[in-house]
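K.L.:
With mature numbering (1 follows the signal peptide of the UniProt record, and there is no 0) applied, the sequence shown covers -20 to -1, 1 to 134.
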Amino acid sequence: MLPILFLFLLFSSTPFLSNAADFCVGDLTLPEGPAGYPCKKPAAVTVNDFVFTGFEKAGNTSNIIKAAVSPAFTTQFPAVNGLGISIARLDLAINAGDCNAVAIVSFSSPSPGLQITTIALFGSKNFPSSIIEKTTFLDDAQVKKLKGVLGGTG
């Protein structure tokens, strides 16, 4: 009798799925916390919160690295708030073929960082050329040339 009473009390006091949300559109007017933005009130959510048009046009690839990123992170697309994911369009204007390459990339983070290795190595201030030479197998003249193009010193 006691085990049955215990199970009855256990299951009747446990609010199963009470904290589960079908969606959590981020309220960008409030400060971001460790778990993302607070959710908008369901009455304030519209269809447009779930529409993202940032991938329609190619990004501007007329820069030094010939690439552009069009992010759909929480700040650009609040509907992914709370999902722990984000997505981006990557446009590449490489010298191969007669058209630009496009990639859709996904991240397992709502606000991932982006690090461009070439700029991090050759565009940094006071990063020793000797270390770059050893890790990239480039000679000193090439390292200095790339640092000159990307604004690095050291």
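All C-beta atoms, glycine included, are put in the ideal place defined by N, C-alpha and C.
The structure displayed is predicted, hence computed values, not measured ones.
#1: Measuring CB to CB, does G62 end up less than 8 Å from G16?
#2: Starting from the Cα of T133, find the closest Cα among E12, P108, A52, D29 and give me that residue.
#3: In its own chain, which residues sit with a C-beta less than 6 Å from the C-beta of K124, not counting the 5 before and 5 after it?
#4: Kindly indicate which residue of D29, D7, S66, S86 has the alpha-carbon position closest to the one of C19.
#5: Hey, could you find the ends of the beta strand (DSSP E) I84 is sitting in?
#6: Any idea what DSSP makes of P51, helix, strand or coil?
#7: What residue range is occupied by the uninterrupted alpha helix (DSSP H) comprising D120?
#8: Quick check on S50: buried or exposed, where buried means 16 or more other Cβ atoms within 10 Å of its Cβ?
#9: With C-beta atoms as the reference, is P58 less than 8 Å away from V5?
#10: Rounded to whole angstroms, what's the CA-CA distance from F53 to I65? Just pull it up for me.
#11: Could you give the first and the last residue of the continuous beta strand (DSSP E) run that contains I67?
#12: Can you give the Cα-Cα distance for N43 and I99, rounded to whole angstroms?
#13: How about L39 and D2: do their beta carbons lie closer than 8 Å?
P.N.:
In this structure, then:
#1: It is a contact, given that the beta carbons lie within the stated cut-off.
#2: Residue P108 is the option with its Cα nearest to T133.
#3: Excluding residues within five positions, none has a Cβ falling inside 6 Å.
#4: Ranking the options by Cα distance to C19, first place goes to D7.
#5: First-last of the beta strand (DSSP E) with I84: 81 to 87.
#6: Of the three classes helix, strand and coil, the one that applies to P51 here is strand, per DSSP.
#7: D120 -> alpha helix (DSSP H) spans 120 to 130.
#8: So S50 ends up on the buried side.
#9: The answer is yes: Cβ separation under 8 Å.
#10: Answer to the nearest angstrom: the Cα atoms are 8 Å apart.
#11: 66 to 72 is the span of the beta strand (DSSP E), which, as asked, contains I67.
#12: Approximately 12 Å, taken between the alpha carbons.
#13: In the sequence as displayed, the identity of residue 39 is Gly instead of Leu. Against a cut-off of 8 Å, the Cβ pair of D2 and G39 comes out as no contact.
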